[in-house]
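In UniProt numbering, the protein residues as written are 1 to 281.
Beta carbons: idealized from backbone N, C-alpha and C, even for Gly.
Keep in mind that this is a model prediction, so the values were computed, not measured.
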Amino acid sequence: MATSTTIVVTSAGRSRAGRASVFAVANKKGGTGKSTTVVNLAAELSVRGFRVLVVDLDAQGHAGLGLGRVAATGAPSVHDVLCHRSSKLVDAIVETLDPLIDLAPADRNFNGDVRISDPRRLAEALAPIVYDYDAILIDTPPSSPRLIVAGMMAADAVVVPTLLDHLSFDGVGQFLRAYHGVIAELKVGCAGAMIVPSRVDLRSSMQKDVLSRMTSSYGRAQLATGVRIDVAVAEAFGACRPLRLWRPSARAVSDFARLADEILWHFVPHGLQPAPAGQYA
């Protein structure tokens, strides 16, 4: 992770040192809450005064949908930079309803044809703008290994949302093995991975068992506290808003706030630490 001492003043009026911290939110298994995590982490970082860019690599465009923006047909998108060397990511960036959150939207008609084989292409496309933001969140698709690798190659750390069931536990293991393989083969300078349990309901004996197995397998330090099951999370997506804006009293708001704090404390260089946990709940 870069440690430049360049001081940048964000539009929120707070100064920061160096480039944005880049997080890929990824899992090979679908339906684990990747887009939900991206949208709500962006909202939690914004409320702290961080300027955030969301990069929506998933052609479903759900991260953009959760922020109230999707690319119009034929408009510039993040997928353009993976298909054309001449495309610039900055040309695709649009504002969202939150003045501190920008979006590089997905092409919802993207057919998966990544024409540029260089796995570092996304990192290359982000390079001109990493000093314009405090944090960049990359939402990756579950079924496109090339796009997942592109996201990991651009990231300082990887966030892995997962459900607490036995198939998801196996999926996390498969993903982390692939992740470490990419790190070793392509010599990626990643700071590590954090597993984020989602839709947590510990009244379920199965969830308790899977959580215990995850803790034993990966250690408490690699496992975030997680986000409890909350119907308001899905309702907020239906309203095209982050949960904090849709229903600030929802219990999952405090969970996403705590998750933002945990990720920042683990992965962000000194000088970009959050305010004390609980202030935003």
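- Taking a contact to require three or more Cβ pairs closer than 8 angstroms, the segment 222-230 and the segment 198-212 qualify as touching.
- By DSSP's assignment, D170 forms no beta bridge with any residue.
- In the structure shown, L89 falls within a helical segment according to DSSP collapsed to helix, strand and coil.
- With fewer than 16 neighbouring CB atoms inside 10 Å of its own CB, N111 falls in the exposed class.
- The residue among G31, G30 and F267 with its C-alpha nearest the C-alpha of D156 is F267.
- The Cβ atoms of V54 and I101 lie closer than 9 angstroms to each other.
- Here I263 carries a helix assignment [DSSP, helix/strand/coil].
- Assignment of T73 by DSSP, reduced to helix, strand and coil, places it in the coil class.
- Proximity to H79 across G68, A239 and A92 peaks at A92, based on C-alpha coordinates.
- F237 is bridged by DSSP to nothing; it lacks a bridge partner.
- Comparing alpha carbon positions, the residue from I195, A239 and A234 closest to G219 is I195.
- DSSP places P161 inside the beta strand (DSSP E), whose first and last residues are A157 to T162.
- For P197, the three-state secondary structure derived from DSSP is strand.
- Counting other Cβ atoms within 10 Å of its Cβ, D113 stays below 16 and is therefore classed as exposed.
- It is roughly 34 angstroms from the alpha-carbon of I136 to the alpha-carbon of D209.
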